[in-house]
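A.B. asks:
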Ligand SMILES: Nc1nc2c(c(=O)[nH]1)N[C@H]1C(S)=C(S)[C@@H](COP(=O)(O)O)O[C@H]1N2
Ligand SMILES: [Mo]
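Residue numbers (the working numbering): 8 to 438.
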């Protein structure tokens with residue numbers, strides 16, 4: 008993963024307030040002789056970032072940015088992502104790097120709400136299933152593999168705040184543009200099978216998910232995020248408890264060693280570093296479940312309008328959307344005709360058509376659209392587009408879902424900037 012000048016870099020943080028940067032990033036406290044003092048979680052965090060234990064950490068000066076971080080990759084195993092926040096870490100993928108049908112792990116975006124566990128032991132990891140069940144279970148990853156069908160599926164994960172950067176007036180929160188979406192191949196077991204093994208009691212309304220990451224405040228027992236879904240979505244056979252991503256262990260920042268994946272629903276439902284699923288007789292009220300978190304107004308609202316909590320609904324299935332992954336925006340093309348391609352997805356529904364316009368929406372033409380490789384996967388589309396002559400063009404893409412709903416050119420404003428499924432536009436200049 009590379010820093011860009013647009014992101015708040017480590018260097019900037021250190022320039023502004025080196026003591027604070029040390030404390031925030033690594034829990035490092037300066038000694039009078041200017042040696043840094045790293046221990047416990049701070050030392051583990053730095054070791055994880057530089058990729059090994061630091062034998063001489065005792066002589067490491069305060070305010071020193073390890074060259075392993077300062078130079079290039081900041082997150083091992085990620086490549087080309089743009090860091091939007093350092094703490095908690097959020098990084099998105101430029102649209103043209105999402106060109107593959109299956110998103111490689113190093114291109115899968117990262118959205119953390121707290122501090123990931125510094126190190127994880129997959130062999131000792133357990134998942135507890137309790138609450139309104141006949142038999143509470145505690146299962147290791149091997150137990151999951153042995154007791155249940157192991158399935159692999161390409162599943163689309165999108166942050167509900169993807170596209171937030173384009174709201175006007177601006178909406179608070181991570182300023183995602185297009186790249187908080189991915190479709191990796193996930194391997195795991197069906198959540199439904201696990202819940203059935205525990206025995207779902209009558210009266211269950213919602214799941215509640217817990218994990219091993221810690222709150223930014225450091226407060227023990229305070230969850231950075233704990234979301235849930237209606238029991239029907241949890242019993243959907245496409246919902247998985249996963250232990251592998253693209254045929255390998257899950258990337259540490261994508262929730263290793265165990266995470267939920269709810270395709271088509273807000274990424275926030277897909278708890279990373281999963282330790283517990285409990286079944287409740289009411290809508291879960293954990294961290295990021297209440298207030299305006301992952302909720303949208305029932306009706307269009309004006310910016311600044313005051314709303315009551317009951318005017319909001321919890322986001323479920325995500326709206327129809329598409330992404331142009333080729334060409335990269337800003338491309339100068341030598342040829343008059345070239346291939347345009349990308350992906351489209353529609354929450355729990357499927358995409359029926361993707362159309363393109365090169366004349367600012369006056370006319371539209373069709374594309375070849377694949378069916379999903381499995382339920383929950385995005386669909387790939389492509390078209391050879393001919394441009395009438397030299398000059399500046401915009402390619403606009405518009406997907407339509409199976410119930411006939413199409414992407415808008417602009418979406419209604421909402422307080423937290425969720426669900427921006429406006430059409431993707433890329434610029435090209437034809438020589
Ligand atoms: N434990 C835990 N799970 C989590 C989060 C988190 O901060 N902690 N972030 C959620 C959010 S908001 C999103 S969009 C997805 C992002 O998944 P990714 O980081 O693997 O791309 O994870 C979700 N699961
Ligand atoms: Mo998210």
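The beta-carbon is built from N, C-alpha and C at its ideal position, and this holds for glycine as well.
What number of angstroms, rounded off, separates the C-alpha of residue 220 from the C-alpha of residue 127?
C.D. replies: Here residue 220 refers to the residue found at position 213 when the chain shown is read from its first residue. Here residue 127 refers to the residue found at position 120 when the chain shown is read from its first residue. Their Cα atoms are separated by approximately 11 Å.
A.B. asks: Can you name the start and end residues of the alpha helix (DSSP H) that residue 240 belongs to?
C.D. replies: The residue given as residue 240 occupies position 233 in the chain shown. Looking at the DSSP string, the run of the alpha helix (DSSP H) that includes residue 240 is 238-241.
A.B. asks: By alpha-carbon positions, which one of 371, 190, 292 and 155 ends up nearest to residue 117?
C.D. replies: The sequence position of residue 117 within the chain shown is 110, counting from 1. Measuring from the Cα of residue 117, the nearest candidate turns out to be 190.
A.B. asks: Which residues mark the beginning and the end of the alpha helix (DSSP H) in which residue 105 is found?
C.D. replies: Mapped onto the chain shown, residue 105 falls at position 98. Segment: none, residue 105 is in no alpha helix (DSSP H) and carries neither H nor E.
A.B. asks: Could you check what DSSP says for residue 194 in three-state terms: helix, strand or coil?
C.D. replies: As a working note, residue 194 is residue 187 in the chain shown. Strand.
A.B. asks: By how many angstroms is the C-alpha of residue 83 removed from the C-alpha of residue 55?
C.D. replies: Residue numbering aside, residue 55 sits at position 48 when the chain shown is read from its first letter. Residue numbering aside, residue 83 sits at position 76 when the chain shown is read from its first letter. Each residue's Cα considered, the two are about 9 Å apart.
A.B. asks: Can you tell me whether residue 270 is buried or exposed, with buried defined as 16 or more other CB within 10 angstroms of its CB?
C.D. replies: Counted from its first residue, the chain shown places residue 270 at position 263. Looking at its Cβ environment, which holds 16 or more other Cβ atoms inside 10 Å, residue 270 is buried.
A.B. asks: For residue 43, name the three-state secondary structure that DSSP assigns.
C.D. replies: On the chain shown, position 36 is the one that residue 43 refers to. Strand at residue 43.
A.B. asks: For residue 76, which residues in the same chain have their Cβ closer than 8 Å to its Cβ, ignoring the five residues on either side in sequence?
C.D. replies: Numbered from its first residue, the chain shown carries residue 76 at position 69. Closer than 8 Å at Cβ, skipping near neighbours: 17, 56 and 57.
A.B. asks: From which residue to which residue does the beta strand (DSSP E) around residue 217 run?
C.D. replies: Your numbering for residue 217 matches position 210 in the chain shown. Looking at the DSSP string, the run of the beta strand (DSSP E) that includes residue 217 is 213-218.
A.B. asks: How many Å lie between residue 383 and residue 433 at the Cα?
C.D. replies: Your numbering for residue 383 matches position 376 in the chain shown. Your numbering for residue 433 matches position 426 in the chain shown. Their Cα atoms are separated by approximately 26 Å.
A.B. asks: How big is the Cα-Cα spacing for residue 241 and residue 98?
C.D. replies: Taking the chain shown and counting its residues from 1, one reaches residue 241 at position 234. Taking the chain shown and counting its residues from 1, one reaches residue 98 at position 91. Straight-line Cα distance between these residues: approximately 28 Å.
A.B. asks: With DSSP as the reference, identify every bridge partner of residue 207, one or two as the case may be.
C.D. replies: Start at 1 with the first residue of the chain shown, and residue 207 comes out as number 200. For residue 207, which the question treats as bridged, DSSP gives the partners 140.
A.B. asks: With respect to the alpha helix (DSSP H) encompassing residue 247, which residues constitute its N-terminal and C-terminal limits?
C.D. replies: Numbered from 1 along the chain shown, position 240 holds the residue referred to as residue 247. That residue, residue 247, is in no alpha helix (DSSP H); its beta strand (DSSP E) goes 247-252.
A.B. asks: Can you grab the Cα-Cα spacing for the pair residue 296 / residue 138, in whole Å?
C.D. replies: In the chain shown, the residue the question calls residue 296 occupies position 289. In the chain shown, the residue the question calls residue 138 occupies position 131. Computed Cα separation, rounded: 18 Å.
A.B. asks: Could you please give the first and the last residue of the uninterrupted alpha helix (DSSP H) stretch that includes residue 23?
C.D. replies: Translated into the one-based positions of the chain shown, residue 23 becomes position 16. It spans 17-23 - the alpha helix (DSSP H) in which residue 23 sits, taken as one unbroken run.
A.B. asks: Rounded to whole angstroms, what is the Cα-Cα separation between residue 318 and residue 392?
C.D. replies: Working through the chain shown from its first residue, we reach residue 318 at position 311. Working through the chain shown from its first residue, we reach residue 392 at position 385. Roughly 44 Å separates the two Cα atoms.
A.B. asks: Distance check for residue 140 and residue 200, CA to CA, integer angstroms please.
C.D. replies: Start at 1 with the first residue of the chain shown, and residue 200 comes out as number 193. Start at 1 with the first residue of the chain shown, and residue 140 comes out as number 133. Their backbone Cα atoms lie some 13 Å apart in a straight line.
A.B. asks: Could you check the C-alpha separation between residue 27 and residue 203 for me, to the nearest Å?
C.D. replies: One-based indexing of the chain shown puts residue 27 at position 20. One-based indexing of the chain shown puts residue 203 at position 196. Those two C-alpha atoms are separated by around 49 Å.
A.B. asks: Does residue 113 come out as helix, strand or coil in the three-state DSSP assignment?
C.D. replies: Taking the first residue of the chain shown as 1, we reach residue 113 at position 106. Residue state, collapsed to three classes: helix.
A.B. asks: Exposed or buried, which one is residue 416 when buried takes at least 16 other CB atoms within 10 Å?
C.D. replies: On the chain shown, residue 416 is found 409 positions in, with the first residue counted as 1. Residue 416 is exposed by the Cβ-count criterion.
A.B. asks: Is the number of C-beta pairs between the segment 246-260 and the segment 102-115 that are closer than 8 Å three or more?
C.D. replies: They touch, by the three-pair rule.
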